[in-house]
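Here our numbering is used: position 229 in the sequence shown is 239, and no number is missing along the way.
Glycine included, C-beta positions come from ideal geometry on N, C-alpha and C.
Written below as structure tokens is the structure these notes are about.
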Amino acid sequence: MYRNYTDRRDFSMRTYRKKTRPALVRGLCIGGDAPVSIQTMTSVPLENIDATIDQINRLHREGAQLVRLAVLNEAALGPLKKVRESVDVPLSADIHFNHRLAIGAIECGIDKIRINPGNIGGVDRVREVVRAATEHSVPIRIGVNGGSLDRRKYPEMTAQALAASALEHVEILEECGFYDIVVSLKSSDILLTAEANIIFSDMKEYPLHVGLTEAGYGLSCVVQSSILIGHLLLKGLGDTVRVSMTGDPIEEIHVAKKILASIGERLEPLRIIACPTCGRTGPSVNLEEIAREVENAIANEFSDVLRALGRELVVAIMGCEVNGPGEASHAHVGVAGARSGNFLLFARGERKGKITRGEVIRAVREEVMSLIETWSRER
Ligand code: SF4
Numbered sequence: 011m012y013r014n015y016t017d018r019r020d021f022s023m024r025t026y027r028k029k030t031r032p033a034l035v036r037g038l039c040i041g042g043d044a045p046v047s048i049q050t051m052t053s054v055p056l057e058n059i060d061a062t063i064d065q066i067n068r069l070h071r072e073g074a075q076l077v078r079l080a081v082l083n084e085a086a087l088g089p090l091k092k093v094r095e096s097v098d099v100p101l102s103a104d105i106h107f108n109h110r111l112a113i114g115a116i117e118c119g120i121d122k123i124r125i126n127p128g129n130i131g132g133v134d135r136v137r138e139v140v141r142a143a144t145e146h147s148v149p150i151r152i153g154v155n156g157g158s159l160d161r162r163k164y165p166e167m168t169a170q171a172l173a174a175s176a177l178e179h180v181e182i183l184e185e186c187g188f189y190d191i192v193v194s195l196k197s198s199d200i201l202l203t204a205e206a207n208i209i210f211s212d213m214k215e216y217p218l219h220v221g222l223t224e225a226g227y228g229l230s231c232v233v234q235s236s237i238l239i240g241h242l243l244l245k246g247l248g249d250t251v252r253v254s255m256t257g258d259p260i261e262e263i264h265v266a267k268k269i270l271a272s273i274g275e276r277l278e279p280l281r282i283i284a285c286p287t288c289g290r291t292g293p294s295v296n297l298e299e300i301a302r303e304v305e306n307a308i309a310n311e312f313s314d315v316l317r318a319l320g321r322e323l324v325v326a327i328m329g330c331e332v333n334g335p336g337e338a339s340h341a342h343v344g345v346a347g348a349r350s351g352n353f354l355l356f357a358r359g360e361r362k363g364k365i366t367r368g369e370v371i372r373a374v375r376e377e378v379m380s381l382i383e384t385w386s387r388e389r
């Protein structure tokens with residue numbers, strides 16, 4: 011029976027999401043019932059104001075909902091203020107070692123600060139930062155990292171130690187009557203980071219910023235980040251994500267969007283399913299080429315309308331007549347290659363007939379248009 015893969019919201023593993031205490035960051039809600047948000051960090055020096063503004067805007071256009079900037083010294087506060095006044099995107103200031111920078115960033119109008127209380131210089135200084143944050147309604151992210159764990163208190167870097175360190179710092183803020191808190195527990199190890207987040211989430215109701223730190227670059231980063239973030243989100247944990255990737259932060263956004271779309275946290279207007287091909291694939295069936303052509307043709311033309319309709323279109327590109335028809339008939343539209351070089355066309359579960367290689371794009375496009383018309387009428 012025809013069954014497409016569009017409504018993954020029905021899956022039971024997605025029905026549980028831990029409800030956390032929401033934190034509002036310049037209109038962006040982190041936690042509570044808010045969708046999981048995507049954040050990243052600029053990679054250009056803050057002193058280069060124009061380049062920073064340009065990068066923030068580019069990241070925002072790609073899908074970043076919160077952008078963090080490293081504030082290294084007092085000279086950076088002037089540029090921070092200018093940047094804050096020049097963009098609409100929620101901004102977070104990343105502060106290490108100097109509590110006066112955190113207070114200065116808050117006074118510059120920053121929307122959120124990230125501190126690691128373990129290296130900010132003692133409880134009294136944390137309290138001063140909390141006072142300023144309270145006055146300006148600025149949430150604080152307590153960011154505990156494996157690399158900066160206080161080894162005098164926690165000689166061994168374990169998941170329990172990361173969670174205990176986060177709890178200790180959260181309690182300092184709570185003692186000051188401050189609850190506008192987001193927490194991150196990170197390391198470069200997936201198992202350690204996952205366990206630390208799970209332990210902490212049993213202790214407190216604050217929203218979790220999830221991701222690895224120093225996740226590397228390229229494929230390794232994509233795989234590791236996907237496993238960690240996907241695992242926690244599927245367990246119902248995590249309110250905002252960052253894929254920490256060496257290189258252009260734009261790539262982080264692409265990966266984060268794909269992770270969220272893959273588990274139904276985001277609408278992905280077009281999803282292409284393609285088989286890996288094998289010895290059954292006909293010699294003239296170049297599946298990768300066809301999949302790319304279909305994706306380019308459909309994504310460019312129909313993504314906006316699909317997004318507006320709130321629909322996810324699944325197109326299957328399969329390599330043979332043996333196993334291909336099953337998958338192709340489960341998608342909204344599908345083609346399965348034959349050894350002859352021709353293709354079987356499927357739409358909404360029905361076999362529509364045989365087409366040549368040259369007819370694939372036009373035929374898929376027509377079926378997609380017909381489906382969109384139906385969805386538009388059903389609205
Ligand atoms: S669908 Fe056919 S060609 Fe593709 S991997 Fe499966 S058996 Fe091989």
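Asked                                                                                                                                                  : Found
So LEU195 and LEU172 are supposed to be a Cβ contact under 8 Å. How far apart are they, rounded?                                                       : 5 Å
By how many angstroms is the C-alpha of ARG137 removed from the C-alpha of GLU185?                                                                     : 9 Å
Could you tell me whether the stretch 294-310 touches the stretch 103-119, where touching means 3 or more Cβ pairs closer than 8 Å?                    : no
Is the stretch 257-276 close to the stretch 223-243, with three or more CB pairs under 8 Å?                                                            : yes
Who are the near neighbours of ILE282 in its chain, counting only those whose CB is closer than 6 Å to its CB and skipping five residues on each side? : ALA301, GLU305, VAL325
Are SER380 and LEU319 close, meaning C-beta to C-beta below 9 Å?                                                                                       : no
Quick one: what does DSSP say SER102 is sitting in, helix, strand or coil?                                                                             : strand
If we ignore side chains and look at the alpha-carbon of each, how far apart do THR407 and ARG71 end up?                                               : Residue 407 is absent from the model: the chain starts at 11 and stops at 389.
Can you say whether CYS288 is buried or exposed, counting buried as having 16 or more other CB atoms within 10 angstroms of its CB?                    : exposed
Would you check if the stretch 54-62 and the stretch 260-267 touch, i.e. whether three or more CB-CB distances between them fall below 8 Å?            : no
Straight-line CA distance for CYS231 to GLY246?                                                                                                        : 22 Å
Starting from the Cα of ILE382, find the closest Cα among GLY248, VAL315, TYR164, ASN333 and give me that residue.                                     : VAL315
Are three or more beta carbon pairs between the stretch 33-51 and the stretch 82-97 nearer than 8 Å?                                                   : no
Who sits around ligand 1, taking every residue whose Cβ is closer than 6 Å to one of its heavy atoms?                                                  : CYS285, PRO286, THR287, CYS288, ARG290, THR291, MET328, GLY329, CYS330, VAL332, ASN333, GLY334
Once you ignore the five residues that flank GLY363 on each side, which residues in its own chain have a CB closer than 7 Å to its CB?                 : LEU355
Tell me the rounded alpha-carbon separation between SER350 and TYR26.                                                                                  : 48 Å
For the beta strand (DSSP E) holding CYS39, just list the boundary residues, first then last.                                                          : 38-40
Under the DSSP definition of a beta bridge, which residues are partnered with VAL139?                                                                  : Answer is none; VAL139 lacks a bridge partner.
How long is the line joining the alpha carbons of ALA346 and ALA309, rounded to whole angstroms?                                                       : 20 Å
Quick one: Cα of ASN67 to Cα of ARG94, how far?                                                                                                        : 12 Å
What distance in whole Å lies between the Cβ atoms of VAL133 and ILE191, which are believed to be in contact at a cut-off of 8 Å?                      : So it is not a contact: roughly 16 Å between Cβ atoms.
What runs of the alpha helix (DSSP H), each 4 residues or longer, lie entirely inside the stretch 201-278?                                             : 228-244, 259-272
Three-state secondary structure (DSSP) at ASN333?                                                                                                      : coil
According to the neighbour-count rule (16 or more other Cβ atoms, all chains shown, within 10 Å of its Cβ), is THR203 buried or exposed?               : buried
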